[in-house]
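Participant: At position 98 of the sequence shown the residue is numbered 99 (our numbering), and the sequence of numbers has no breaks.
Don't be surprised by glycine CBs; every beta carbon is placed ideally from N, CA and C.
Starting off with a structure, shown below.
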Amino acid sequence: MSDNAEGRFFEDFTVGDVYRHRLGRTLSEADNTWFTLLTCNTNEIHFNADYAARTEFGRPLMNSCLTLSLVTGLSVEDISRNIVANLGWDKVTLPAPVFAGDTIYAESEVLETRPS
Numbered sequence: 002m003s004d005n006a007e008g009r010f011f012e013d014f015t016v017g018d019v020y021r022h023r024l025g026r027t028l029s030e031a032d033n034t035w036f037t038l039l040t041c042n043t044n045e046i047h048f049n050a051d052y053a054a055r056t057e058f059g060r061p062l063m064n065s066c067l068t069l070s071l072v073t074g075l076s077v078e079d080i081s082r083n084i085v086a087n088l089g090w091d092k093v094t095l096p097a098p099v100f101a102g103d104t105i106y107a108e109s110e111v112l113e114t115r116p117s
């Protein structure tokens with residue numbers, strides 16, 4: 002391990018560590034449109050304002066997979082800059098709807114460490 006290396010390595014993680022990732026990201030309607038098109042998600046709640054206005058949310062929701070992808074990306078600098086792959090996620094929750102204009106922040110907790 003080099004003294005000038007960026008990010009953490011396996012030896013730097015301890016079970017119970019919590020990383021509050023410093024970067025946040027404000028989501029736009031364009032982000033949602035592109036992600037919805039890219040993933041072929043045809044649920045109108047993500048792109049039809051008329052339809053969404055008649056739901057309990059009143060406006061289009063951000064695609065939840067976009068939210069998960071964004072949170073994963075926000076964690077890279079602290080968690081995975083020096084690893085080969087994310088092996089999985091545990092206890093992912095989406096506690097509230099996300100809308101265009103919302104700013105997302107993320108945190109990660111180390112639940113287990115093991116060589117793989």
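Taking DSSP's pairing of strands, which residues face I1 in a bridge?
Facilitator: In the structure as shown, the chain begins at 2 and stops at 117. Residue 1 is therefore absent and cannot be evaluated.
Participant: Should the stretch 24 to 36 be regarded as contacting the stretch 95 to 110, the criterion being three or more beta carbon pairs within less than 8 Å?
Facilitator: yes
Participant: Answer with buried or exposed for P96, where buried requires no fewer than 16 other C-beta atoms within 10 angstroms of its C-beta.
Facilitator: Per the 10 Å Cβ criterion, exposed.
Participant: Would you mind sorting A107 into buried or exposed? The rule is 16 or more other CB atoms within 10 Å of its CB.
Facilitator: By the neighbour-count rule (16 or more Cβ atoms within 10 Å), A107 is buried.
Participant: Enumerate in chain order the residues of its own chain whose CB-to-CB distance from A54 is below 7 Å, with the five nearest sequence positions on each side excluded.
Facilitator: R60
Participant: What residues in its chain sit with their C-beta under 6 Å from that of D79, if we drop five residues either side in the sequence?
Facilitator: Taken in chain order, the residues that qualify are Y20, H22.
Participant: Should D4 be labelled buried (16 or more other beta-carbon atoms within 10 Å of its own) or exposed?
Facilitator: Any reading at D4 needs caution, since the residue's pLDDT is 49, under 50, leaving its predicted position unreliable; the model's value is listed next. Looking at its Cβ environment, which holds fewer than 16 other Cβ atoms inside 10 Å, D4 is exposed.
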